[in-house]
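S.K.:
Numbering (the numbering used here), first residue to last: 8 to 861.
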């Protein structure tokens, strides 16, 4: 059985009542001899009363001995009530040998006052709220105490749970608020403090309506009724903070019931969703904007499931199939295609779903042309969940393309004057105008237009030239396209040509060359107002580009013709049939034939008989697509002589033409022959010379050598040509830098030498050589011509002479007689040591001096 919890005040009142009962018993004890039955009755009443109480009650004397305990106390101790009488309370209750430090009875004996405290006693199996009241005798002396212990174990556990939940709620970020059914705030969590900026102490006890912005009291009552009937309520409301700012909150409210299942309050969780509402509003606006754009576009849009079910369609799409938007939603799109297009469209949609890539297609429905773009639609996992189909009406574009195609086909193959005539004719017929013309700027001051073609009233007429000032063309040339759909003659009253033409409307577009320089104009003129000036402007802009290209081509052709005749080389165009198709003036100058004679004669007839087979083979290679570079042959002049030509040629295989240029190299060939003869003479001298001769380039590489050089070095000249003298090992390492300096002097234009080197032969033996070198130019290359001579014998003689002189010097030095040698001028050439001693001079003071003067 669960007992109701008691407050401290109730316990104190209970103890006070017990104390009064004890006092009554003591008073009756003194009169027991007079009325023993009455005392016995009172004692029994007290015994029954104490045992009826659920609290643990004990009477303790001043020695801490138990005087009496009730049944509840005895049951907790596991003894009979009488068995505990006389035992020490601290031993019986606490299991200690002396009173514990927290003992409330010890405190009472110390100060004589009542005490109340919580005690956690394991032996009694719980936590108790213990109240201790003193028992006094008639003189007021404390003779003991009454202990009342209320078991508050469950209460403490509940309090711990409450504290835990309170801490948990305080750490939850959401706003948690508890109210009674009247709306009075009972709990205001930390999240609520943060969200509403009211502290808890300020809000507890207030009515919840203070934070509700969007609901009045009647609405609150209605909401309360809904909560009580359903148990929970969810919604979004505008709430108000302490600073007066308003925000949107997502609110969940639930009923809190007591132990009997009766509602006694409300618990609510508030969450700020202002940003979410803003995002939703932005999405809504975006969707509205998107819908407005989709419905405003001229393209039809269908959003389809994978099976072709229509999920979204704009007004354009609905109008094209003759249904309302609501009628189409949920229908299969294939039901609204012409039968001949269903299979094709189904295959395209299936391919987009399969591949995940968009597809474009065009189809024709009656007189209308459509460009269909089918795009895959992906879900959040990246899988195709449907398609979006856009259909654009391209009928006007198709018609426009056909018009342009017709004009382009009519003028594409034409060039020059024919192109301009056809262009003006097609423009006038297509636009339905009386006149069309193309003109280029002329005159020294560039203030005139000279037409290249004029179409007037159904025929090509003669070209004219007119002034720009005062005409509508003045506003076009070098500027921009201009359109005057009506009254053009009145707008330009000074233009007499417009009056002659009976002009009512005009459209003109400027022409520029590739550098942006104005070169002319293309225009149409009509005798009635233009119905579609935009179409005329567009067509003129398009064909202005083609006209500009033709004018550029014409200019380039004129410049090419001028350049063709100016170039000093012989330039020609020849055909596969063996005749020249075009030649420049240089042919007439060099060969002496007239242009007509050259064009009438097969070019193979003009070639030297010895060169014809090679020339024919070269021509066949060119016809096959190969280029010719530096091909040489001889052409016959009108006087019967021949001249040497060097050719470069490029084929135009598709046109079966050869484009070629020839340079007269007759004089060069003569010079080469003379040079060849000179080189031959040099070669004879080179090979027959008795000395070693070799050629080296600026880097020190061998270029050539004669037979004697092979005999001297032991190397064949083929072994040395192209190799560097420093790498071959012909010289001692110490002499290589000297040899390099020697070569540098030669290539500075100086003659160098003689200089001696020790040449290391192929067999690694050494020979002394003396080299002289000077620069020569052979075939345009500056080389060092080196002439080397074996001076080994001379070196041996010089060494022997030096040795003999050294021996003589040593002999003279050891002689004890003065030896003196004079030259023809009586100057001292030699004097020995003894002579210097006799004369008293040093040797350097005597040598070279006149003997007789000294």
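For each residue, glycine too, the CB sits at the ideal point set by N, CA and C.
Distance check for residue 839 and residue 825, CA to CA, integer angstroms please.
M.R.: So the two alpha carbons sit approximately 6 Å from each other.
S.K.: Which class does residue 378 belong to by DSSP, given the choice of helix, strand or coil?
M.R.: strand
S.K.: Return the residue from the list 368, 402, 578 that minimises the CA-CA distance to residue 396.
M.R.: Looking at 368, 402, 578, the one whose alpha-carbon comes closest to that of residue 396 is 368.
S.K.: Check whether the segment 150-167 touches the segment 132-140, counting contact only when three or more Cβ pairs, one atom from each stretch, lie closer than 8 Å.
M.R.: yes
S.K.: What are the start and end residues of the alpha helix (DSSP H) that includes residue 799?
M.R.: 799-821
S.K.: Run through the DSSP bridge pairs and tell me what residue 391 is partnered with.
M.R.: 385
S.K.: Just the C-alpha distance for residue 356 and residue 378, rounded to the nearest angstrom, thanks.
M.R.: 15 Å
S.K.: Give the single residue among 154, 730, 225, 746 whose Cα lies nearest to the Cα of residue 761.
M.R.: 746
S.K.: Assuming residue 260 and residue 280 form a contact by the criterion Cβ under 8 Å, report the distance between their Cβ atoms to the nearest whole angstrom.
M.R.: Incorrect: roughly 16 Å between the Cβ atoms, too far for contact.
S.K.: Do you know offhand how far residue 42's Cα is from residue 112's?
M.R.: With a pLDDT of 48 at residue 42, under the threshold of 50, the modelled position of this residue cannot be trusted; read the value that follows with caution. Going by the C-alpha atoms only, they are around 34 Å apart.
S.K.: My output table needs one value for residue 122: the three-state DSSP class, helix, strand or coil.
M.R.: strand
S.K.: Report all residues from its chain with a CB closer than 7 Å to the CB of residue 486; omit the five preceding and five following residues, and keep chain order.
M.R.: 517
S.K.: State the DSSP-derived secondary structure class of residue 503, mapped to helix, strand or coil.
M.R.: Here residue 503 sits in helix by DSSP.
S.K.: On the CB-based measure, 16 or more other CB atoms within 10 Å of its CB, does residue 242 come out buried or exposed?
M.R.: By the neighbour-count rule (16 or more Cβ atoms within 10 Å), residue 242 is not buried but exposed.
S.K.: In whole angstroms, what separates the C-alpha of residue 364 from that of residue 311?
M.R.: 16 Å
S.K.: In chain order, what residues of the same chain lie with their CB nearer than 7 Å to the CB of residue 850, ignoring the 5 residues before and after it?
M.R.: Annotation for residue 850: 838, 843 place their beta carbon closer than 7 Å to its own, counting only its chain and skipping 5 residues before and after.
S.K.: Using the rule of at least 16 other Cβ atoms within 10 Å of the residue's Cβ for burial, across every protein chain shown, is residue 860 buried or exposed?
M.R.: Residue environment analysis places residue 860 among the exposed positions, since fewer than 16 neighbouring C-beta atoms fall within 10 angstroms of its C-beta.
S.K.: Just to confirm the assignment, what range does the beta strand (DSSP E) spanning residue 640 have?
M.R.: 635-643
S.K.: Just to check my reading of the structure: residue 630 and residue 658 have Cβ atoms closer than 8 Å, yes? What is that Cβ distance to the nearest angstrom?
M.R.: 6 Å
S.K.: Is any heavy atom in the ligand HEM found nearer than 8 Å to the beta carbon of residue 836?
M.R.: As presented, the structure is devoid of all ligands, the ligand HEM included, so that no description of it is given.
S.K.: If you compare alpha carbons, which of 804, 749, 800 is closest to residue 782?
M.R.: The residue with the shortest Cα to Cα distance from residue 782 is 749.
S.K.: What's the call for residue 569, buried or exposed, on a 16-neighbour Cβ count within 10 Å?
M.R.: exposed
S.K.: Would residue 216 and residue 210 qualify as a contact pair, given that the criterion is a beta-carbon distance under 9 Å?
M.R.: no
S.K.: How should residue 722 be labelled, buried or exposed, when 16 other C-beta atoms within 10 angstroms of its C-beta is the threshold for buried?
M.R.: buried
S.K.: Taking its Cβ as the centre, do 16 or more other Cβ atoms sit within 10 Å of residue 804, making it buried, or is it exposed?
M.R.: It counts as exposed.
S.K.: The beta strand (DSSP E) spanning residue 135 covers which residue range?
M.R.: Residue 135 -> beta strand (DSSP E) spans 133-143.
S.K.: On the CB-based measure, 16 or more other CB atoms within 10 Å of its CB, does residue 432 come out buried or exposed?
M.R.: buried
S.K.: Within a Cβ cutoff of 7 Å, which residues of the same chain sit near residue 830, ignoring the five residues on either side of it in sequence?
M.R.: 836
S.K.: Would DSSP call residue 631 helix, strand or coil?
M.R.: In this structure, DSSP gives residue 631 a state outside helix and strand, which the three-state scheme calls coil.
S.K.: Is it buried or exposed for residue 62, if we count other Cβ within 10 angstroms and need 16 for buried?
M.R.: buried
S.K.: Do you know offhand how far residue 306's Cα is from residue 381's?
M.R.: 13 Å
S.K.: Should the segment 440-450 be regarded as contacting the segment 518-537, the criterion being three or more beta carbon pairs within less than 8 Å?
M.R.: Contact between the segment 440-450 and the segment 518-537 is present, because at least three Cβ pairs lie under 8 Å.
S.K.: Can you tell me where the alpha helix (DSSP H) with residue 596 in it begins and where it stops?
M.R.: 592-598
S.K.: Under 7 Å Cβ to Cβ from residue 505, same chain only, skipping five residues before and after it: list those, please.
M.R.: 495, 496, 499
S.K.: Can you tell which of 526, 468, 557 has its C-alpha closest to the C-alpha of residue 480?
M.R.: The residue with the shortest Cα to Cα distance from residue 480 is 526.
S.K.: Can you name, in chain order, every residue of its own chain whose Cβ lies under 6 Å from the Cβ of residue 802, other than the five neighbours on each side?
M.R.: A distance below 6 Å between beta-carbons, with the five flanking residues on each side excluded, links residue 802 to the following residues of its chain, in chain order: 775.
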